[in-house]
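Listed in order, the protein sequences are those of chains X, S and A.
Note that my numbering numbers the first sequence so that position 329 is 853, with each residue one more than the last.
Note that my numbering numbers the second sequence so that position 256 is 498, with each residue one more than the last.
Note that my numbering numbers the third sequence so that position 176 is 186, with each residue one more than the last.
I have placed the structure first, in the form of structure tokens, so that the comments after it can refer back to it.
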Amino acid sequence: MSARPPLLAVNGITKRFGGLVAVKDLSFSIAPGEILGLIGPNGSGKSTAMKLIMGIERPNAGAVHVEGTNVAGWPTHRIARAGVGIVFQHSRPLHRQTVLENITLGLLPDSLLRLIADHTVTEKAIAIAERVGLAGVLHRRPSTLPFADLRRLELAKAIARDPKVVLVDEPFAGLTTAEVHSFSALIEAFRAEGRAVLLVDHNVKSVAALVDRVLAMYLGERIAEGSAEDVMRNETVRRVYLGGSIEIAQRPAASAKTGTPLLDVRGVSVLYGKAQALENVSLQVHEGEFVSVVGLNGAGKTTLFNAISGLVPYAGRIGWAGASLAGRTAGAIARTGIVQCPESRELFGEMTVRENLDLGGQHQEAAASARQLDWLLNLFPILKDRQGQTARTLSGGEQQMLAIARALMMQPKLLILDEPTLGLAPVILEQISKALELLRNTTPITVLLGEQNVTFALPHADRVYVLEHARIVWEGDPGRFAREAGVGYL
Amino acid sequence: MQALQILVDGFAISALYALGAVGFTLIFGVSGVLNLSHGAIMVVAAMIAWYTAGSLHIGTYGGLVAGMAAGMITAFATYLLIVRPIQRSRAIAAEEKEIFVLTGTLLWGIMIQVLLAYAFTTNPISVRPLAPGVVNLVGVRTPVNEIVVAAVSWAVIGLLWLLVNRTRTGKALLAASINPRGLTLLGFELSRIYLLVWAIYGTLAGIAGVLLATFLGASSDNIGQLTASAFSIVVLGGLGSVSGSLIAAYVVGYLETMTAYLISPTIRSMPGLLLLVLVLYLRPQGLLGRR
Amino acid sequence: MAARATRVGLVALATVAVAATLPLWVSSYILGVLTLAYYFGVFAMSWDLLFGFAGEVNFGPTFLTGLGAYAAGMLNSFLNWPIVPCVIAGGVVALAGGVLLALPALKLHGPYFGLVTLNAVLLLQQLIVVFAGATGGEIGLTIPSVLSIDAGPNYEYALGFMAVSGALLYGLSRSPAGLILQASGQDSIEAAALGFNVTKHKLAAFCVSALFSGLAGAMLVFYLGTASVGSVVDIAVGVQVIIAAVLGGRRTILGAVIGAVFLLGAAEVLRPLGQLSTFVVSGIALLAILFFPNGLMGYALHGSER
């Protein structure tokens, strides 16, 4: 790289939301004709960093230089006019306008007085549409277009802005291999045109081929920077993203589970608008089993669990103890014994710990409920101490314990845990891990765990599924996983 | 002395306003709806109470019960015929649902207002006081009924507080206003909770309407002003905050009473409206607002 | 889509041409109803511009129409200004009111803004009653000048005013400026990311909406010969404006006129029902919201496509 001054130079930006530090003293720069990958899991701060550059959030400290000018604190539209373009993760077209009108918008100056349509603008818009592959759908409305075309439209809008710096959020999410190919070509064209490109993603693998450099983030800070291979091999990165080296703890040998599975997911597919969130997923959980579903953010774990819990519509069949769950309300499914502890925890923030737990026990018989409450307060002693405290004021780890305890108050037959370890310190992970082990050994509970932290997911599991880009790509026991899939996972 | 008169009258009026406002806030907090037919529900209750007590000869107390029931039924009708269909409609975009519900309840309120005017004319009606007589309260000659109105209002508010904070059902209602999805995950059916909340709201509005009829009288012409007062109070106090509504009810109640006594009764609602504009400019979330 | 706009424009032009001939073969009673409907149509079109394009629900359009009406009426009544300057003044006063309304709108969202607009109308109403000496209070203000005493010329004035307003508002909505407005209203973050100062454009939308509302309110006053709360300020009138725009089809601008004609026509047809006519009309509007939220013209243009 020649020593050209960077087009984008971020210097020590910090962003706080109340007590939470989302981005801490982040610095990096991108030269013209360079593509930088900003990688990190959910909660790492990468999306916030992108919003800070675009002005959608204001940094508490630091500077953002675009071609030498500090734009930190400017309103979004001024930063856009200064030469920064953004392609959002979720397509946001104007639904009542045609494709052509959407692209035209990107070409218009910010004027109140443009009352006559300019045909040179229209011609330019058509040219851009042709470049991204939308020439055939110029006069269609976004609601009639397939997912990939909506993403093309987002790229077209960015191209129309003729930006010096392009920010792209999760460029390939939801695309087929062929589509990934054509999108990569479009992004490479940005590089060839001398623009600076920032690709934000949670997965190095998916952008490795495209980027010149990678910067890995965790909990708001930079943890590694370098070439894609270097970052993927970096110790800190592997520990923090994967949870460390993969070990299988000594467990009593699981007896072979045969017979009708308790939970039988068959060929389930889910569409979010146009995006395929789950594709033909099949999975079984037998009574008493502990099954882990391993996958990165965005792989589809939450969608799978929401389908099982009846919170999203799906195609396919989900069977419970032989009968189909179709047609039951989410509340009914929970009362049947399928209890989910979601990634977002969904606690009642303004109510106390005790009130949260009591609500969990409302549908149980009073005496059983009281016994369960006792047992849980002993399982999680810290909750016993903080019974009268408002849930919102608990720490992240305590909130997670409360969420799990509350779910257990329902005396579930199947407990679904979605990413319980997200953002938690190792000490808390240990406590939760011990609690799960106790649960496994002393109760007949069946558990379905969804995790990207493999170190946490494996020790307790009888079987493991790997979910990647909406599909199940691997199934087997934890030992085999360590040998086969573990290495290429990141 | 006039100051004491204002103090006493203001207290009773504010109590009544508080009762209505608490219901309005409850519906917003749990169901997410700003019900612009609120005044209509109150006046239906008032008129049914008057009509049944008088023309159907079931006596004052019978009329009160009938009025309360009418309030509850009208509230249910509002939910089942207007609010729920709009909320579930697939033809309306999610971002526009709130506005359509607002417009829908506004139209429904107008329809009720016209029906009431047609059936009962716009002449104000009043129901016989719950308790006759006049007492001397801190030197002010106050009708016993006025004291009863204030007492009943606060008793009902107190009962509601007990319900929400001390019963299992009440806790579920509170939880629904904080996190409906969380409640579903715990096995509760939200549809049933919404029905319950509207039933409670209808009862509250019904009681408020009936009390109003015994105290100040009611007519279909009051409907707009009643709704306006309720939402002024609720926005002032902070949408979704019950304690905020209570405080705001007293602020607005006293402002109105003072204006009526010291300036003119015809523009009694003006200071409240001005205050509302000020608050919306300076602190849109109200005194104790959450959302 | 440019082709469709031209088609709509041609159909509209033809309709106006036909409408202009109405005085030759229609009774003055019907002309009267249509005259009122045309002014209402401009109220509704202005509302639609604000809602459909800037995404703001104005629950008190009569704040703006009332300001225009009373400003024009008072200038004519007390200072004896001729009609044209009064109408222009009415538009300007309403414009100022629009800016006043825009300020909180640009900070508030959702129901809060709606409440401010509703409040503005109630306050205006109270002010008119308080200063009854100057405004005529509840009874209203008698206006010395009128556009004409005959139904025919009044009708043509209304039609002409409505046609010109409609052309300007529709043209604005289809222009690049209108496209930016739509983006600002639909997705302000995306609009900002594309480099548009959303605040500036929404303020402009308020000004345009207010100007036309005020002009229409002023014209109406010189048709009716009086300015009163019941005709230009009351919440009920405001609700009718909203119903007209929603019935006709949000975001179509021209649909608002169809809605207004339908609404006032229906009210006339239902007049024998007396008070209940409001009930029936509100009921129809409610059914429309539940089953045809896109309105008459909305369905004509797009079917049930979202």
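Beta carbons are placed, not taken as given, at the ideal position from N, Cα and C, and that holds for glycine.
Hey, residue 155 of chain A and residue 232 of chain A: beta-carbon distance below 8 Å or not? yes
State buried or exposed for residue 58 of chain A, treating a residue as buried only when at least 16 other CB atoms are found within 10 Å of its CB. buried
Between S/300, S/451, S/308, S/311, which lies nearest to residue 257 of chain S when the distance is taken from Cα to Cα? S/451
Separation of residue 48 of chain A from residue 172 of chain A, as counted between CA atoms: 6 Å
Decide if residue 753 of chain X is buried, meaning its Cβ has at least 16 other Cβ atoms within 10 Å, or exposed. exposed
Which runs of the beta strand (DSSP E) fall wholly inside the segment 18-98 of chain A and span at least 3 residues, in chain order? none
Euclidean distance between Cα positions of residue 195 of chain A and residue 206 of chain A: 12 Å
Against chain S, does residue 289 of chain A count as a neighbour if the rule is that its beta carbon must be under 8 Å from one of theirs? yes
At a Cβ threshold of 8 Å, is residue 529 of chain S touching chain A? no
Could you tell me which chain S residues have their CB closer than 7 Å to the CB of residue 853 of chain X, listed as they occur along the chain? 431
Counting pairs of Cβ atoms below 8 Å between the segment 295-305 of chain S and the segment 428-444 of chain S, do you hit three or more? no
Give me the Cα-Cα distance between residue 289 of chain S and residue 345 of chain S, rounded to the nearest whole angstrom. 25 Å
Distance CB(residue 907 of chain X)-CB(residue 934 of chain X) smaller than 8 Å: no
Any beta carbon of chain A sitting closer than 8 Å to that of residue 333 of chain S? yes
Got a sec: is the Cβ-Cβ distance from residue 263 of chain A to anything in chain X below 8 Å? no
Going by C-alpha to C-alpha distance, which of X/870, X/722, X/691 sits closest to residue 944 of chain X? X/870
So what does DSSP say about residue 385 of chain S, is it helix, strand or coil? strand
Nearest to residue 457 of chain S by alpha carbon, out of S/249, S/387, S/253, S/247? S/387
Could you pull out every residue in the same chain whose Cβ sits closer than 8 Å to the Cβ of residue 126 of chain A, ignoring the five residues on either side in sequence? 111, 114, 115, 118
Taking only beta-carbon positions, decide if residue 269 of chain S is within less than 8 Å of chain A. no
Compare the C-beta of residue 937 of chain X with all C-beta atoms of chain A and state if any pair is closer than 8 Å. no
According to DSSP, is residue 550 of chain X helix, strand or coil? strand
Would a C-beta distance cut-off of 8 Å place residue 879 of chain X and residue 339 of chain S closer than the cut-off? no
Nearest chain A C-beta to residue 496 of chain S closer than 8 Å, yes or no? no
Neighbour flag for residue 872 of chain X against chain S, beta carbons, 8 Å: yes
Run through DSSP, which three-state label would residue 587 of chain X get? strand
Would you check if there are 3 or more beta carbon pairs closer than 8 Å linking the segment 638-649 of chain X to the segment 205-221 of chain A? no
Considering only their Cβ atoms, is the gap separating residue 488 of chain S from residue 264 of chain S smaller than 8 Å? yes
Local Cβ density within 10 Å of residue 303 of chain A, reported as buried at 16 or more and exposed below that: buried
Let me confirm a value: residue 443 of chain S is counted as buried when at least 16 other C-beta atoms fall within 10 Å, else exposed. Which label applies? buried
So which residues of chain X does residue 210 of chain A contact, with C-beta pairs closer than 8 Å? 634, 636
Taking Cβ-Cβ distances shorter than 7 Å, what residues in chain S pair up with residue 129 of chain A? 515, 518, 519
Three-state secondary structure (DSSP) of residue 213 of chain A: helix
Just tell me which of S/375, S/427, S/512, S/272 has its CA closest to the CA of residue 939 of chain X. S/427
Does the beta carbon of residue 426 of chain S come closer than 8 Å to any beta carbon on chain X? yes
Residues in the same chain with beta-carbon distance under 7 Å from residue 980 of chain X, minus the five sequence neighbours each way, listed in chain order, please. 767, 945, 953, 957
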